[in-house]
Every structure is written in structure tokens, then in C-alpha cells.
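Residue numbers (our numbering), protein chains in the order written: chain A, 21 to 351; chain B, 5 to 255; chain C, 311 to 596.
Glycine included, every Cβ here is placed at the ideal spot set by N, Cα and C.
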Amino acid sequence: MAAPPETNIRPQQFLAAQVRWHPLEIVFWVATLAPFYFFPSYLSLASQIAIAALFALSLDLILGYAGIVSLGHAAFFGMGAYTAGLISKFGWGEPLTGLIIAAFAAGLVGYATSFIIAKFRHLTLIMLTLGIGLLLYEAANSASWLTGGADGLQGIDIWPIFNTFDYDLWGYTAYTYSLVVLFLVFVATRRLIHSPFGLSLRGIRENAVRMPAIGAPSESHIRTVYTISAVMAGLAGALIAQTTSTVSLEALSFERSADVLVMVVLGGAGRLYGGIIGSIIFLVARDQFSGINPQYWLFWIGLLLVMVVMFLPNGILGGLARLKWLQRGKP
Amino acid sequence: MSALALSTRGLDKSFGSLVVARGIEINLPAGERYALIGPNGAGKTTLINLMTGMLRPDAGRIILGDDDITGLKPHERVKRGLVRTFQINTLFPRLTALEAVTLAVCERRGEGADWWRNLPSYRDAIEEAYAILASLRLGDDCERPTHELAYGQQRLLEIALALATKPKVLLLDEPAAGVPQEESGELFAAIANLSQEISVLFIEHDMNIVFRFASRILVMVAGAILVEGTPAEIAADQRVREVYLGSAHHG
Amino acid sequence: MGPFVAVMFDGFAYGMLLFLVSVGLSVTLGMMNFVNLAHGAFAMLGAYVTVTLMNTYGWSFLATLPFAFIVAGLASVAFEQTLFRPLYRASDLDQVLLTIGLVFMAVAAVAYVFGTESQPIHIPDYLRGFITIGGANFAVYRIFLVSVALLVSVLLIAGLEFTRFGAQIRASVDNQRMARGLGINVDRVFAYTFALGSGLAGLGGALAIEVVGLDHSFALIYLIVMLIIVSVGGLGSISGSFVAAVVIGVSDTAGKYYFPYLGAFLIYLVMIAVLLWRPAGLFGKR
């Protein structure tokens with residue numbers, strides 16, 4: 021049958037509906053304030069979660085939206101952490117400018133490596149992300165005169181935020197600070213993925229071969245998103261350095277890259293909230309089971325990964341979405 | 005004779021000892037509908053890959069309008085108006101048809117890197133995308149993910165994506181591949197109805213379709229253009245008969 | 311001159327070890343494009359088979375080696391048939407996640423059963439000590455290692471060149487669709503290749519204990535080196551794996567000896583440089 025000459029409002033409304041804030045999203049962000057009132061003893065954990073969520077969001081942007089599998093994303097996290105730690109060690113402890121400088125440094129490394137990343141896919145890409153991550157780790161390990169090597173960076177001194185809010189033992193300031201940064205970056209990311217650029221990224225993820233055939237400069241898109249993602253990871257790293265006043269080699273390690281990948285995949289890649297939900301579950305579980313041997317913790321993480329791949333290919337949020345879809349399908 | 009939309013000069017390409025293109029000379033005038041036919045393995049798709057920049061020729065030049073585009077990257081050629089479709093559906097499975105075509109429209113308008121404004125505020129891009137989909141009778145299903153569309157609809161979406169780039173020259177690689185014969189006529193009717201400003205070169209195996217829709221036919225055999233002519237000339241050509249008698253059972 | 315020759319030889323022996331553990335990964339990756347990060351876990355399994363048979367049941371070292379090979383090979387087929395097979399057409403991400411998940415589980419399971427301490431083994435006396443040639447000391451064990459690895463390489467290459475099964479493997483790596491068209495049961499060829507490759511990894515793991523030590527983290531630590539060798543050598547290429555393993559083995563050993571402050575820096579640099587120069591690896595075709 022022929023298409024009726026209907027008004028063109030419908031398709032636009034369809035797209036607009038995807039962009040609108042869902043009530044559940046507002047509930048979620050209100051709920052992030054709960055630790056202040058209900059679990060004040062968990063504020064430090066909450067701040068760790070907010071930082072991990074920011075890191076996960078940065079990985080999701082390249083993994084879930086642009087389809088770039090990275091096993092070395094900690095490179096940018098560590099770059100941000102060490103930059104923030106070092107500038108405070110050398111006398112400039114103002115946190116907000118420190119944050120920005122650290123993000124800039126991470127972004128610079130991201131931009132430089134993005135030229136490599138944009139040219140490869142599959143195993144070569146995975147190996148290159150892994151290799152660049154390990155290279156930075158070894159570099160930080162070797163340059164112990166600067167980084168403190170395996171002992172970690174000593175002598176970090178962060179000034180109070182706005183010269184007023186000092187870091188308390190309970191983590192009020194740390195959580196507030198981390199949460200505000202997370203929220204601001206989240207809002208920006210949310211805009212980004214709902215923009216034409218976000219659509220282009222999903223195009224790259226869905227079919228990288230087709231993109232040039234519709235005139236899209238995929239490589240330049242990949243370079244842009246990789247740099248943005250590096251900036252975000254650098255912000256997360258800087259936050260962890262500033263709120264805990266410690267930076268160790270762990271910030272650059274393969275374990276950190278693997279953990280953040282697990283968080284994103286557990287929550288559901290390409291779903292904006294997936295990394296956040298994943299980091300909440302991951303870190304709360306690790307906190308609850310902190311009594312057990314870390315080796316056994318690794319077993320459950322491994323089992324979780326296998327289970328997610330086999331039974332929950334789109335993570336927890338993907339599973340929920342499917343459940344909802346199935347329910348609606350029934351009379 | 006009208007101005008040339010696309011031409012090639014002495015295109016050569018070989019993989020090791022296998023020659024897949026040998027001295028290919030094509031002259032596609034503006035607004036024409038040319039068919040490229042030939043037995044399987046003659047190098048038809050390879051030729052499209054060469055012209056669109058997905059393969060690099062060993063020798064020869066590719067000229068779009070008045071410009072030599074031999075050294076351009078694939079996406080730059082698309083920007084200049086040389087666009088192709090794929091024989092095997094090469095789509096974006098989890099994007100809706102509307103999103104996919106809107107993506108192509110935005111990229112054409114150079115807005116593909118805009119990351120601050122929401123997509124719905126690009127109202128004219130969305131409307132244009134919808135209009136293209138509606139013209140190919142995909143309007144009603146444009147909100148469904150591509151992988152849920154029927155096969156024939158996906159073939160149409162291939163063309164919709166190409167149209168969204170506002171092509172000057174459209175290279176269609178077996179646009180009706182896999183579509184039942186009764187529907188392929190409809191699909192080609194849609195192609196025939198395209199604006200006369202678009203020049204078309206299509207690969208097709210169904211001779212009825214070729215003779216009905218092509219103004220001129222190029223016959224390719226073993227990496228070279230064997231003969232070129234009007235449908236009547238090709239139908240009468242003894243060499244073409246020989247080539248096709250050998251592979252007539254391929255349909 | 312003495313130390314230089316000795317360092318080169320040590321590096322070569324280390325490279326031979328790396329070749330044994332990674333050659334199977336290269337062939338299976340080349341054939342199925344399946345990113346199997348769990349390959350190192352099969353090497354670790356072979357190593358623990360040897361440790362257990364020696365320390366608990368009092369077997370001699372050499373007698374355990376065939377079992378390290380067989381157990382690792384059989385275990386790998388069990389995984390291949392159940393967990394990996396459904397994922398051959400899945401995304402890179404799913405393959406990476408599933409197999410790294412298995413590595414994590416293997417590492418934790420070994421820590422649970424054997425503890426996290428390094429496992430001691432006592433190799434027989436005739437494999438200990440040194441031979442001095444021209445002022446350079448050559449460890450007998452490393453000579454043994456090199457001999458085993460070279461023997462395996464010769465057998466592999468001969469098998470691949472001159473047997474029917476070898477021809478089927480080559481055809482499957484080269485062009486899977488064509489191989490299927492010729493009536494080769496690619497799935498079965500792959501299962502056997504997978505078992506063979508994992509078995510060699512198990513053998514390599516057992517031989518590695520004396521050189522690099524063994525604890526529960528083996529599967530993770532050597533996973534990265536294996537991946538480097540595979541990607542530097544090129545997927546599906548035995549000679550590529552051999553050359554890459556020697557290059558990595560020698561540069562790592564020499565790097566640690568002459569530039570100890572560089573740590574593992576050198577091999578990562580070598581890998582990135584090679585991949586940038588030749589994305590498909592030194593001997594890769596794709």
C-alpha cells in the first residue's frame with residue numbers, strides 16, 4: 021500500500037521520545053543523595069562508586085556506543101590520577117584546576133593514541149589498547165623518581181574545595197565532589213549520545229564498513245570519541261587521587277582495565293546507565309565480601325562474566341528491557 | 005552526447021597472479037541508466053570497489069564529473085556524489101530505519117560531528133529522511149529496528165541510505181539480489197523513477213530487468229569489458245551469446 | 311663474549327618455551343578468529359598436572375610430561391565443544407569476556423586447591439647443572455628445553471606439510487569457506503587442532519616451571535606474552551610464532567639483563583612497533 025501523505029511530525033516525535041528524561045532517571049539521581057541521609061557510614065564507598073561509575077561511563081562511550089573493545093582503558097585513568105597527584109605534590113593543590121589539568125593531560129594521551137586506535141579493529145585493536153596500557157604502566161613503574169614506583173606517589177596535598185570544604189574523615193566532601201562531577205559529565209554524555217554525533221557512533225558500532233559508504237568520516241569520529249572518553253577517564257582518575265590523596269601503580273594496571281570492563285558489561289554496554297549500575301553492584305558486592313580472600317572474589321567475577329555472556333548478553337539493564345518487552349508482548 | 009558523470013581510464017587491479025580488472029574504460033553520461041552484466045567472478049563487484057575507493061587500483065584513473073578522484077578516500081568520494089549500495093545487505097541492524105537514514109542525511113550535511121544539540125532538533129534532517137523512506141514505501145515501518153524489517157524492505161533501505169547522501173552517481177550492486185522476481189520489478193521501477201539528475205550503473209543478472217531498465221549495457225568478462233552497446237546491440241552480439249550460453253543455467 | 315652468548319642462549323631457550331605455549335593459540339585464532347584468552351589456563355593446567363604427579367604421587371619429571379600434554383588437550387576440547395563453539399560468530403567483546411572469565415575462574419580455583427605460594431619441583435639430577443663451552447655456561451635444562459621445542463617444531467611443520475590432516479588444517483586456516491566447500495569437516499579439524507594446541511601449551515607450561523616458576527597467576531601473566539607473540543607473529547602462522555617467540559624471548563631476556571630498569575617495557579614496545587608497521591603481524595596475511 022502507498023504511504024499516505026501524512027504530516028512529518030510523527031517520526032520527529034518518535035526520536036524526541038528517546039531523548040526525554042524518563043521519570044526513573046530522575047528517581048535514580050535523587051536516590052544518589054540517599055547515602056548522605058541514610059548510610060552516612062558508607063559515604064567513602066559511595067564516593068568510590070561515583071568515581072568508578074564515571075570511569076565506566078567513559079569506557080561505555082567507546083565500547084557500548086562506538087564498539088571499540090579496550091583492554092587498556094586504565095591508561096587514561098592512571099594518567100589523570102598521576103597528573104592530579106603530581107601537580108599537588110609540586111605545590112599546586114587547588115582541586116578544581118587540578119582536575120581540569122589532569123583531564124587535559126589524559127585527553128592529550130588519548131588524542132595521540134587515537135590515531136592508532138582509529139585505524140584498527142578486532143584482535144589488533146585489542147592488543148594495541150592492551151599494549152599501550154601496559155606500556156604506560158611499565159613507564160610509571162620505571163620512572164620511580166617521579167611516580168614513586170611500586171611504593172606509590174607520596175606527598176599529595178589537596179587544598180579544600182573553594183578554599184572551604186576540606187576532606188573529612190566520613191567522606192561528605194569527597195562524595196559531594198565526586199557526585200557533582202559525575203552528574204555534570206553524565207548530563208554532557210547524555211547530550212552527546214542523543215546528538216547526531218551519538219547517532220554516528222552507533223552507526224560505527226553497528227557497521228563500521230558501511231559508514232564510509234554513506235560519506236561518514238569514521239576515523240575522525242573515532243578519534244574524537246576516543247579523546248573525549250580519555251578526558252572522562254582522566255577526570256575519574258584525578259578524582260580518586262584528590263579524594264584519597266593516594267596514587268599507586270594500581271591506577272594504571274590491567275586489573276583496573278579489566279574491572280571497569282566487567283562493570284560496564286555487567287550493567288549493560290551501550291545503555292548509559294549500564295556502567296553506573298554495574299559499578300554500584302560490583303563495588304557494593306566487593307565491599308560486602310571484603311572478608312573473603314581476593315582470589316575467591318576473582319572466581320565469582322569470572323563466573324559472572326561467563327554467565328553474562330551466555331545468559332545476559334546485554335547486561336542487567338538489557339535483561340530488564342527484554343523482560344519488559346516480553347511482558348508487553350503478552351495479552 | 006551529454007557530459008560524463010563518471011568515467012574510468014585504464015583501471016588495472018590484480019590479486020597476486022589473478023587479474024580482476026584489466027584496462028577498464030567506462031563512460032557514464034549524466035542521467036543515464038547503465039547496466040553492468042557478466043558471469044559470476046567477472047569482477048563486477050571488484051570494479052565497484054575500485055571506483056568507490058574500497059580497493060586501490062594498481063593503475064588507472066577514476067574521474068567524477070571533471071575531477072580526478074583516484075586518490076580520495078571512500079567517504080570523500082561519497083561527499084563528492086559517488087555512492088554505492090551493497091549486494092549483501094550492509095546495514096545497521098539495531099538502528100531503526102529512520103535513524104539510519106537520518107544518520108546519512110546528517111553526515112551529508114556535515115553535522116555528523118555535532119555533539120551538543122539533540123537529534124530531534126535537526127527537524128529538517130529528520131523530515132528529509134522520512135520523505136526518502138516514504139518515497140520507497142518504508143514510511144510506515146521507519147520506527148522499527150533494521151533487523152526486524154522484511155528482506156525486501158532491507159533492500160530498499162540500502163537504496164534509501166544511498167539516496168540520503170544526494171548522489172550524483174549511484175552504483176547499485178545487484179539491488180534486487182535475493183528478492184522474489186515479482187518484487188524485483190517493483191524495486192527497479194523505484195530506481196527508474198529516481199531523479200534524472202542521478203546517473204545509475206547497476207549490476208543485475210536478470211536479463212528481463214536489464215533490457216527493460218538499462219539504456220546501455222556493459223558486458224564484463226574475466227576482468228575486462230568485452231563489449232558495450234544498446235540493449236538491442238547486446239542482444240544481437242555473438243560474443244555475448246557465447247559467454248552466456250556457457251553460463252545460461254545460472255539464470 | 312661469554313655472558314653475551316649465555317644471555318642470547320637463555321633468551322633463545324625462553325623463546326622456545328614461549329613458542330610451545332603460544333603456537334596453538336596462533337593456529338586456532340587463525341582458523342576460527344576466536345579470541346581465546348583462556349589459552350594460558352591450559353598451559354597452567356599442564357603445569358599443575360606435572361606438579362601434582364611429581365609431588366603427590368612421586369612420578370619422575372619426564373614421565374609426567376605426556377600427561378601434562380594429554381590432560382590439557384582433553385580439557386580444552388571439553389571447553390571447546392561446550393562453551394567456545396557457540397561463540398565463534400559472536401562479537402570480539404563476547405569472546406574476550408567469556409574466555410577472560412574462565413581465566414579468572416581458573417586462577418581462583420588453583421589458588422583454592424593449591425594455595426597462592428610458588429610450587430616447587432625437583433627436576434632430576436641429569437637435567438641440572440651446566441656445561442661450559444668456550445667460557446660460556448649453558449644450563450643443561452635449557453639445552454633440554456631447546457631440544458624438545460625444536461623437536462616439536464620439526465614434527466609440527468612436517469605434520470602440517472606432509473600429512474592429510476596437516477593439509478586440512480592449512481586449508482581451513484587459509485580459507486574456511488573454501489575448505490568446507492571441498493568437504494573438509496572444518497569443525498572437527500578445528501577441535502583436533504584446538505586439542506593439539508592446548509596440549510602443547512600444557513607441555514610448555516610443565517616445562518616452564520623450572521624456568522619461570524609456577525603459581526596461580528601463571529595463566530594471567532603469560533596470557534599477555536602469548537597474545538603478544540601471536541599478534542606479532544601473525545595469526546595462523548607457525549613460522550611466524552616461532553620467529554616472534556624468539557624475538558620476544560631474546561629481547562625480554564637481554565632487556566632484563568642489560569637494561570633492568572626498563573622492565574617489560576621493551577617487549578610491549580616491540581609489539582606496538584610491529585603492529586603499527588604490519589597490522590597483521592610479521593607473517594600474517596590478513
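DSSP beta-bridge partners of residue i
i, result
"tyrosine 422/C", "Paired residues: none, contrary to the question."
"arginine 13/B", "Arg65/B"
"arginine 37/B", "Val204/B"
"proline 149/B", "Thr100/B"
"isoleucine 441/C", "Phe448/C"
"methionine 224/B", "Ile229/B"
"asparagine 227/A", "DSSP, once it has assigned bridges, lists no residue as partnering asparagine 227/A."
"leucine 176/B", "Phe206/B"
"phenylalanine 19/B", "Leu22/B"
"asparagine 343/C", "Paired residues: none, contrary to the question."
Top-ranked residue by Cα proximity to residue i, from the options
i, options, result
"valine 337/C", "Met536/C, Asn495/C, Ala357/C", "Met536/C"
"threonine 442/C", "Val499/C, Pro313/C, Val553/C", "Pro313/C"
"isoleucine 69/A", "Gly311/A, Gly257/A, Val39/A, Ile82/A", "Gly257/A"
"glycine 335/A", "Gly290/A, Ala170/A, Gln308/A", "Gly290/A"
"threonine 49/B", "Val214/B, Arg88/B, Asn122/B, Arg13/B", "Arg88/B"
"arginine 230/A", "Val109/B, Leu140/B, Thr94/B, Met224/B", "Thr94/B"
"histidine 432/C", "Ala385/C, Val423/C, Ser482/C, Asn365/C", "Asn365/C"
"serine 482/C", "Trp369/C, Phe500/C, Leu465/C", "Phe500/C"
"alanine 574/C", "Ile152/A, Leu340/A, Lys344/A, Arg225/A", "Ile152/A"
"isoleucine 92/B", "Ala239/B, Ile213/B, Pro179/B", "Pro179/B"
"phenylalanine 75/A", "Ile234/A, Leu63/A, Met99/A", "Met99/A"
"serine 11/B", "Gly64/B, Cys146/B, Lys17/B", "Gly64/B"
"valine 317/C", "Ala477/C, Asn447/C, Gln478/C", "Asn447/C"
"glycine 546/C", "Thr374/C, Ala357/C, Ile467/C, Gly340/C", "Gly340/C"
"glycine 143/B", "Thr106/B, Lys172/B, Glu246/B, Leu40/B", "Thr106/B"
Cutoff 7 Å: residue i Cβ touching any chain C Cβ
i, result
"glutamate 158/A", "yes"
"phenylalanine 319/A", "yes"
"methionine 147/A", "yes"
"glutamine 315/A", "yes"
"valine 285/A", "yes"
Residue i Cβ short of 6 Å to the ligand HEM heavy atom set
i, result
"valine 331/C", "Inclusion of the ligand HEM in the displayed structure is not the case, the ligand content being empty and no account of it being possible."
Own chain partners of residue i with C-beta closer than 7 Å, once the 5 adjacent residues on each side are dropped
i, result
"phenylalanine 322/C", "Val456, Val556, Gly559, Val560"
"isoleucine 297/A", "Gly287, Ile336, Leu337"
"glycine 507/C", "Val333, Gly334, Leu335, Val337, Thr338"
C-beta neighbour in chain A for residue i, strict 7 Å
i, result
"asparagine 197/B", "no"
"serine 561/C", "no"
"aspartate 71/B", "no"
"glutamate 202/B", "Per the sequence presented here, residue 202/B reads as isoleucine, with glutamate not at that position. No, its Cβ sits nowhere closer than 7 Å to a Cβ of chain A."
"proline 589/C", "yes"
"leucine 330/C", "no"
"phenylalanine 206/B", "no"
"threonine 49/B", "no"
"glycine 114/B", "no"
"leucine 8/B", "no"
Simplified DSSP state of residue i, which is helix, strand or coil
i, result
"valine 201/A", "helix"
"valine 329/A", "helix"
"glycine 156/B", "helix"
"asparagine 161/A", "helix"
"aspartate 484/C", "helix"
"glutamate 427/C", "coil"
"aspartate 118/B", "coil"
"valine 87/B", "strand"
"glycine 84/A", "helix"
Same chain only: Cβ atoms within 8 Å of residue i, ignoring 5 sequence neighbours per side
i, result
"valine 183/B", "Tyr155, Gly156, Arg159, Leu191"
"phenylalanine 344/C", "Thr338, Phe394, Leu397, Tyr398, Gln405"
"valine 282/A", "Gly298, Phe302, Ile321, Leu324, Leu325"
Residue-chain proximity (residue i, chain B), Cβ-Cβ < 7 Å
i, result
"glycine 127/A", "no"
"isoleucine 82/A", "no"
Residues of its chain near residue i, where Cβ-Cβ distance is below 6 Å and the 5 sequence neighbours each way are ignored
i, result
"glutamate 80/B", "none"
"proline 149/B", "Arg98, Thr100"
Q.
Against chain D, which members of the stretch 160–193 of chain B pass a CB distance test of less than 9 Å?
A. In the displayed structure, chain D is absent; the protein chains listed are A, B and C.
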